[in-house]
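Under the working numbering, the first residue of the sequence shown is numbered 43, with each subsequent residue one higher.
The structure under discussion appears below in the form of structure tokens.
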Amino acid sequence: MNNQEFSGKVALVTGGSRGIGKATAIKLASLGCDLAILARTSIEVNDLSMELKKNFGVRCLSLTGDVSNWKEMNAQFLKLTQEFGRLDILINVAGINIPKSITETSLEEWNKVIAVNLTGTFICCKLGTELMMKRNSGVIINISSVQSRVGGRSVQYSASKAGIEGLTKSLARQLASNNIRIVSVAPGGTDTDMARKSWSKETRERLIQQTLLNRIAEPEEIASVIVFAASSDASYITGSTIHVNGGFHLD
Numbered sequence: 043m044n045n046q047e048f049s050g051k052v053a054l055v056t057g058g059s060r061g062i063g064k065a066t067a068i069k070l071a072s073l074g075c076d077l078a079i080l081a082r083t084s085i086e087v088n089d090l091s092m093e094l095k096k097n098f099g100v101r102c103l104s105l106t107g108d109v110s111n112w113k114e115m116n117a118q119f120l121k122l123t124q125e126f127g128r129l130d131i132l133i134n135v136a137g138i139n140i141p142k143s144i145t146e147t148s149l150e151e152w153n154k155v156i157a158v159n160l161t162g163t164f165i166c167c168k169l170g171t172e173l174m175m176k177r178n179s180g181v182i183i184n185i186s187s188v189q190s191r192v193g194g195r196s197v198q199y200s201a202s203k204a205g206i207e208g209l210t211k212s213l214a215r216q217l218a219s220n221n222i223r224i225v226s227v228a229p230g231g232t233d234t235d236m237a238r239k240s241w242s243k244e245t246r247e248r249l250i251q252q253t254l255l256n257r258i259a260e261p262e263e264i265a266s267v268i269v270f271a272a273s274s275d276a277s278y279i280t281g282s283t284i285h286v287n288g289g290f291h292l293d
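Spelled out as structure tokens, the structure:
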């Protein structure tokens, strides 16, 4: 990867204040990429933006809002456009999980997870695509999960991530003529705040035992794959899902 290839480019990372999103934002900033970082609340994202500006000298815009809310996202993308005038890379990390079985899950909980994980990704893809089409260029990275392939205790989470992979394929077909690539990255178990809240001690230990590399991933390991997928080294990849699960699932 050319260390200069991200210099002067603009990336938007949703769910960018913690976990995989934060690790991705830091990695991109270290490569000279200007950033818009979106999170639900302003405190963490403002602190991260200041840190990245200081450490890497990049431009960094803090955005806040609910990815499942069209009006809020439309306003945030307008701020991005006013600040940068372009969008080269969109990385949809924002997501939630309510780890309950189907008998425990209410319709409200189902709708909430689908709204954030799937509808939120769609909204950001739609708004991001409109900006990218003006330049006839761009890359969108959507975050799926190994649970889209193996299923999981949370039916709504697994369904939302499978939907993201379907969305990725459809967008890849529609946008190839506009020189816009769409790629999904599907992590396995990763040491994030959301995972720690979702897993019991027994669940974590069982996951490690079932993973060939006998450990869970660090967010930085997933971020490295995301940045690769956004780079020119992945210029012939579109419509595909890259699995990063340490051998938990072999496909």
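Ideal placement from N, C-alpha and C gives every residue a C-beta, glycine not left out.
- Beta-carbon to beta-carbon, Q118 and L105 are separated by about 4 Å, close enough to satisfy the 8 Å threshold.
- Taking 7 Å as the cut-off, the Cβ atoms of F290 and Q251 do not count as close.
- If you ignore the 5 residues before and after R60, its C-beta comes within less than 6 Å of the C-beta of D235, all in its own chain and listed in chain order.
- The residue from G230, N159, N88 and Y278 with its alpha-carbon nearest to that of V181 is Y278.
- The stretch 218 to 232 and the stretch 176 to 194 touch, with three or more beta-carbon pairs separated by less than 8 Å.
- The three-state reading of DSSP puts S49 in coil, since its state is none of H, G, I, E or B.
- For D76, the enclosing beta strand (DSSP E) has its first and last residue at D76 to A81.
- Between A67 and D108, the alpha-carbon positions lie close to 19 Å from each other.
- A contact is defined here as three or more CB-CB pairs under 8 Å, and the stretch 48 to 59 meets this definition with respect to the stretch 75 to 89.
- By the 16-neighbour rule on beta-carbons within 10 angstroms, A78 is buried.
- Your pair C166 and L132 checks out as a contact, with CB atoms roughly 6 Å apart and the cut at 8 Å.
- Inter-residue distance for N287 and C102 is about 31 Å (C-alpha atoms, whole angstroms).
- For A65, the number of other beta carbons within 10 angstroms of its own is at least 16, and it is reported as buried.
- One Cα belongs to H285, the other to G137, and the distance between them is close to 18 Å.
- Counted as a single uninterrupted DSSP element, the beta strand (DSSP E) harbouring G180 occupies residues G180 to I185.
- By the Cβ neighbour-count rule, Q198 is buried, with 16 or more other Cβ atoms within 10 Å of its own.
- For E262, the CB contacts under 6 Å within the same chain, skipping 5 residues up- and downstream, are A65 in chain order.
- With contacts defined by Cβ atoms closer than 7 Å, E93 and S274 do not form a contacting pair.
- G281 is a Cβ neighbour of A214, given a cutoff of 7 Å.
- Per DSSP, the unbroken alpha helix (DSSP H) holding N153 starts and ends at L149 to I156.
- DSSP lists A78 and L132 as the bridge partner or partners of L54.
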